[in-house]
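Engineer: FYI, in the numbering used here the residues of the sequence shown are 2 to 537.
Yeah, the Cβ is synthetic: ideal placement off N, Cα and C, and Gly gets one too.
No experiment lies behind these values; they were computed from the predicted model shown.
Structure incoming, see below.
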Amino acid sequence: MLGRILRPVRLVRGVSRVARGRVLQTARWQRARWQVGSIRGVHGGGGGDTSSSLFGRVRWLLKRSYKPFNVDDFSAIFSWLLVSHAVLFVVSTTTFASLFIYTMNTVSAQEWLAQKVGNFVTKNTPTTVIFEHAIVPFWWSHKIAFTNVFVSRRPESHRGTPEQRYGVVKGSQSEAVQRARLALSENLLVSEQEFDDGNYTQFDLTIDKVEISLSFTKWLNGGGIVDEVSINGLRGVVDRTHLKWSPGDDPANYKNIHQPGDFELSRFQLDDVLFTLYQPNGFRPFQVSIINCQLPRLRKHWLLYDILNAHSVSGTYDNSMFTIHKKLLWAKDSLEPRMVTQLRVDNLDIDHLNAGIEGPFGWITEGRVDMTGNVHFPQQDLTTTPWTDAVIAKLRQVRGQTTHMASKGDHADSQSDKIMVDFSLRLKNIRAEVPLFTRQLTYANNALIRPIVGYMNSRRTYIPINCEVTKSVTDFMGSWTIYDSHLIQDLGVQVYDSFAQYVADDEQRSIRVRRVTFWSLQLMLQVVLMALGAIA
């Protein structure tokens, strides 16, 4: 057809320029008329239906031609769709998952979708998760949100299969709310007999909203598919009354063992948290509140290490305020600042430190303590933001005007794999007792117990202690608490050394006072004798 239209153009080479222009104009008009007719579905210029017009426009948009689709065209379109979805899945996994969830999130598919997505996300976590509402994707934040979530971990109840006892199901929060309300109002979880004696931390938690983002590349690297997590409005009960230890057992034996798929979050945020904590051995229940928590990363195998390296954490622990925040410290004659994490706990009851602990903390029966600790991390593990980078650059520029040489010792220390914690303790209104058994102490140290206890009781109103604990980074590998990392044990050793130094200094001071008193008395007697001799 197109060749028949353009045939007059080939025959006008010998015609005049005016005639040639007329022929070309006629050919263009005929070509445009043929194209319009093709779009309308009639090549001769008649009318066509709407579907033919739509198909014609689609063909022109995809292949710039009005010829019908062939096998090559269909294979090209299929390949393009497949590659584009693969690229979208790798580059933006959350957007792809949100699109899939939005497509599948119908009334009939809600329960199946919640179970499949939740089971995949919590694959390595033996917990029961219940979503009261379906999953709602938030396109503008590139996150997937779960609302009204109930998370529980309890011993097996001899009913159903393991897949039924653990996993993700769709249901109501009424059971979780009732269990949490009973635990908060009455001390039932301590003596409840319907649960098995599971030797692990158990919990029943309700969450208002959980937002997560996914990363396919992180999942390929073995770090889990979840990239970022934000939790808001957490309430419930954490029950540790079933925990039991063998005599002389080392908490380091219960460190986490890394498995492929353990979560490694790039960002973790926690807001508005309040739960009741039940400790073993009949310890009184108390509440823990977290107002805000922002972690630059949170890894299951480095849980305690990442919490100590937090950007900011604030809350209360048994009505005692605690904060974790970043702080800049400058070394003497150094251009490079050190970003440290400052831990602070005010007016903490001493029974949280002496429960099952041997050493000076175990000898104190009552009192309160204010704790401040500056955690110095290796320089390569510092996590900064553009704002802190700008502040550091400005301070480095100002400090460079007064000093021109950096300390080599500080540089070498920054490259080490050691973590230093500078503790400052303020013991207030304490009372200590001599322990019955002190097998962990040597004979020489055992002789100092009574002087140390006497020193505590004589100065019970206020005792300041400053000490430093040095730990290797590998000690925090797999550690979740200050016990399995031996941080509290090392702190107890340093506190004992400080008290021993105080007692030694006090004895030296007493010796000096006695010597000065004897010298003063001797001098006074000499003066009196000289005066009597002069009178005589």
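Closest to residue 344 by C-alpha separation, out of 329, 476, 474, 309, would be which residue?
Structural biologist: Out of 329, 476, 474, 309, 309 has the C-alpha closest to the C-alpha of residue 344.
Engineer: Identify, in the order they occur along the chain, each residue of the same chain with its Cβ nearer than 6 Å to the Cβ of residue 427, setting aside the five sequence neighbours on each side.
Structural biologist: 371, 465
Engineer: In this structure, does DSSP put residue 528 in helix, strand or coil?
Structural biologist: helix
Engineer: Identify whether residue 361 lies in helix, strand or coil by the three-state DSSP scheme.
Structural biologist: helix
Engineer: CB-CB under 8 Å to residue 498, same chain, minus the five flanking residues each way: which ones, in chain order?
Structural biologist: 468
Engineer: In chain order, what residues of the same chain lie with their CB nearer than 6 Å to the CB of residue 476, ignoring the 5 residues before and after it?
Structural biologist: 486
Engineer: Considering only residues of the same chain and omitting the five flanking positions on each side of residue 369, which have a CB-CB separation below 7 Å?
Structural biologist: 348, 349, 350, 351, 429, 430
Engineer: Using a Cβ-Cβ cutoff of less than 8 Å, which residues in the same chain neighbour residue 241 once the five nearest sequence positions on both sides are dropped?
Structural biologist: Excluding sequence neighbours, residue 241 sits near 202, 203, 278, 279, 280, 281.
Engineer: Any idea if residue 354 is buried or exposed, counting beta-carbon neighbours within 10 angstroms, 16 or more meaning buried?
Structural biologist: buried
Engineer: Have a look at residue 325 and residue 341 and give me their C-alpha separation to the nearest angstrom.
Structural biologist: The straight-line gap separating the alpha-carbon atoms of residue 325 and residue 341 is approximately 10 Å.
Engineer: Could you give the residue range of the alpha helix (DSSP H) that holds residue 143?
Structural biologist: Unbroken run through residue 143: none, as it is neither H nor E.
Engineer: Taking one C-beta from the stretch 244-251 and one from the stretch 206-215 each time, how about it: are there three or more such pairs within less than 8 Å?
Structural biologist: no
Engineer: What is the residue span of the beta strand (DSSP E) that residue 474 lies within?
Structural biologist: Per DSSP, residue 474 belongs to no beta strand (DSSP E) and is neither H nor E.
Engineer: List the endpoints of the continuous alpha helix (DSSP H) containing residue 559.
Structural biologist: With the chain covering 2 to 537 only, the question about residue 559 has no answer from this structure.
Engineer: In whole angstroms, what separates the C-alpha of residue 228 from that of residue 299?
Structural biologist: Distance between the alpha carbons of residue 228 and residue 299: 10 Å.
Engineer: Return the chain-ordered list of same chain residues with a C-beta closer than 6 Å to the C-beta of residue 239, the five sequence neighbours on each side being excluded.
Structural biologist: 204, 276, 278
Engineer: At what residues does the alpha helix (DSSP H) containing residue 450 begin and finish?
Structural biologist: 450-459
Engineer: When the distance is taken between beta carbons, is residue 206 closer than 8 Å to residue 481?
Structural biologist: For residue 481 and residue 206, no; Cβs fall outside 8 Å.
Engineer: Just checking my contact of residue 432 with residue 377 at CB under 8 Å: how many whole Å lie between their CB atoms?
Structural biologist: Actually they are not in contact, since the Cβ atoms of residue 432 and residue 377 sit about 34 Å apart, beyond 8 Å.
Engineer: Using the rule of at least 16 other Cβ atoms within 10 Å of the residue's Cβ for burial, across every protein chain shown, is residue 457 buried or exposed?
Structural biologist: buried
Engineer: Note down, in chain order, each residue of its chain lying with its Cβ closer than 6 Å to the Cβ of residue 163, except the 5 sequence neighbours on either side.
Structural biologist: In this prediction, residue 163 has a pLDDT of 49, which is less than 50 and means its spatial position is unreliable; what the coordinates show is noted afterwards. The answer is none, since no qualifying residue turns up.
Engineer: For residue 520 and residue 365, I'd like the C-alpha separation in whole angstroms.
Structural biologist: 39 Å
Engineer: Please look up how many angstroms separate the CB atoms of residue 491 and residue 470, rounded, as I've assumed it's under 8 Å.
Structural biologist: Right, their Cβ atoms sit about 5 Å apart.
Engineer: Inspect the beta-carbon positions of residue 234 and residue 273 and report whether they are closer than 8 Å.
Structural biologist: yes
Engineer: Per DSSP, residue 604 forms a beta bridge with which residues?
Structural biologist: Outside the shown range of the chain (2 to 537) lies residue 604, about which nothing can therefore be said.
Engineer: Return helix, strand or coil for residue 502, following the three-state DSSP convention.
Structural biologist: Note: residue 502 maps to helix in three-state DSSP.
Engineer: Starting from residue 226, follow the alpha helix (DSSP H) in both directions and report where the run begins and ends.
Structural biologist: Unbroken run through residue 226: none, as it is neither H nor E.
Engineer: Could you round the C-beta distance between residue 263 and residue 312 to whole angstroms and report it? I think they count as a contact, below 8 Å.
Structural biologist: About 22 Å separates the Cβ atoms of residue 263 and residue 312, ruling out a contact at the 8 Å cut-off.
Engineer: Answer yes or no: do residue 269 and residue 319 have a C-beta to C-beta separation smaller than 8 Å?
Structural biologist: Going by C-beta atoms, residue 269 is not nearer than 8 Å to residue 319.
Engineer: Which class does residue 293 belong to by DSSP, given the choice of helix, strand or coil?
Structural biologist: strand
Engineer: Expressed to the nearest angstrom, what Euclidean distance is found between the alpha-carbon atoms of residue 330 and residue 460?
Structural biologist: Computed Cα separation, rounded: 33 Å.
Engineer: By a C-beta neighbour count over all protein chains shown, 10 Å radius and 16 as the cutoff for buried, is residue 418 buried or exposed?
Structural biologist: exposed
Engineer: Just to check my reading of the structure: residue 346 and residue 321 have Cβ atoms closer than 8 Å, yes? What is that Cβ distance to the nearest angstrom?
Structural biologist: 6 Å
Engineer: The alpha helix (DSSP H) spanning residue 304 covers which residue range?
Structural biologist: 304-309
Engineer: Quick check: the Cα distance between residue 224 and residue 425, rounded to an integer number of angstroms?
Structural biologist: Rounded to whole angstroms, residue 224 to residue 425 spans 37 Å at the Cα level.
Engineer: Alpha carbon to alpha carbon, how far is residue 261 from residue 216? Give it in angstroms, no decimals.
Structural biologist: 15 Å
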